[in-house]
């Protein structure tokens, strides 16, 4: 038996998204064409855009489809000289001046919101930020679909989101923009996406994104993530009881309901990931975009943890289909490997 406990890296494709994408494959036209087939493709694209906007609480805002949240970040951030913190995702850190103070709690101090980008939720620790009014940009990638949020009351001018974090297809994201906010095109050519992102639109991906977003909202309304949080808390209780030397990062802070970050000083995160993979459990040692790089977590380092702790963290991120049996099994296998590590280190 294998258990997938790496939902912050990507969530499995929802059945609703798969069905919408299969249906969209039969739409032959180019959305920029004026004939009947082109109009059908354009209609599908605009319905998807409207559904994503509604799910994200962004009615009246512009939804610009991109190839990913990473591309959305470049569209939002390039040339803006914004401030941020080291806890941001690599896709954001690449464009900003990372000089904002991060408290030991993982919370960032923001003095000039209009010159700042700040994530809603951290992908490694799950720690949530309270966004100040007038924020220039926010990364909503991890929060969208897991928390009841709406762009229209976030107080930000722009937000990045991604389909595959909430059960949609990989390869499509969006930049959501408060109407009237200036966004300069990075990809130039045709006038697609309101002149802000040239290239024939990915209507199949957009259809899958929209269907997944609608299903994610339904999950929230049905309390699915409350059940996930209960399982996450059960896991952390087991770890705390049986591995008191391990650190649950941000355990006392407001976090995503599905995320736990466990640091065991001296026991390399990469080693734990491989051991648990062999045991049948998919987890990670931080952001998927940084996996495979043997280095300390920039997020934990920014929070003040030393290199030994920052290099020993793993992330376990659950989903609505995660079961108590899987949580119990993971805890059992992880604790067995921890005992072996302690015996070798003694």
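Numbering (our numbering), first residue to last: 798 to 1143.
Note that the Cβ used here is the ideal one computed from N, Cα and C, for glycine as well.
Keep in mind the model is a prediction, meaning the values are calculated, not measured.
query                                                                                                             : result
Under the three-state DSSP convention, the category residue 905 falls into                                        : strand
Three-state class that DSSP yields for residue 1032 in the structure shown                                        : helix
Assigned exposure category for residue 829 - 16 Cβ within 10 Å defines buried                                     : exposed
Inter-stretch contact at 8 Å, needing at least 3 Cβ pairs: the segment 863–872 / the segment 1022–1031            : no
Candidates 898, 924 and 934, of which the one nearest residue 912 by Cα                                           : 934
Boundaries of the alpha helix (DSSP H) in which residue 1066 is found, first to last residue                      : 1066–1076
Whole-angstrom distance between residue 937 and residue 1054, CA atom to CA atom                                  : 15 Å
Which listed residue (957, 978, 1045 and 1003) has its alpha carbon closest to that of residue 1165               : It is not possible to answer for residue 1165, since the shown part of the chain is limited to 798 through 1143.
6 Å Cβ shell around residue 880 - same chain, five flanking residues per side excluded                            : 894, 897, 912 and 913
Simplified DSSP assignment, three categories, for residue 954                                                     : strand
Selected residue, minimal CA-CA separation from residue 974, among 964, 916, 958 and 1012                         : 958
Whole-angstrom distance between residue 1109 and residue 1018, CA atom to CA atom                                 : 36 Å
Contact under 8 Å by Cβ, residue 997 with residue 805                                                             : no
Among 1131, 818 and 1122, the one whose alpha carbon lies nearest that of residue 964                             : 818
Sequence ranges, beta strand (DSSP E) only - wholly within the segment 845–879, length at least 3                 : 859–863
Per-residue DSSP class, three states only, for residue 1088                                                       : Low per-residue confidence applies at residue 1088: pLDDT is 49, beneath 50, and the placement is therefore not dependable enough to give any value.
Best match in 1024, 1133 and 1099 for proximity to residue 1152 [C-alpha to C-alpha]                              : Given that the chain is displayed from residue 798 to residue 1143, the structure contains no residue 1152 and the question cannot be resolved.
Alpha-carbon to alpha-carbon, residue 837 and residue 910                                                         : 41 Å
Host beta strand (DSSP E) of residue 971 (start-end)                                                              : 970–974
Pair within 8 Å by beta-carbon distance, residue 814 and residue 966                                              : yes
Residue 953 at chain D interface by Cβ criterion, 8 Å                                                             : In the structure shown, chain D cannot be found, because there is only a single protein chain.
Rounded distance between the beta-carbons of residue 1035 and residue 1113, thought under 8 Å                     : With a Cβ gap of about 12 Å, residue 1113 and residue 1035 do not count as contacting.
Residue 961, buried or exposed, once every other Cβ within 10 Å from all chains shown has been counted against 16 : buried
Buried or exposed (CB count within 10 angstroms, at least 16 for buried), residue 831                             : exposed
Boundaries (first-last residue) of the beta strand (DSSP E) holding residue 933                                   : 932–936
Residues that DSSP places opposite residue 899 in a beta bridge                                                   : 905
Whole-number beta carbon distance between residue 999 and residue 862, since they are thought to touch under 8 Å  : 7 Å
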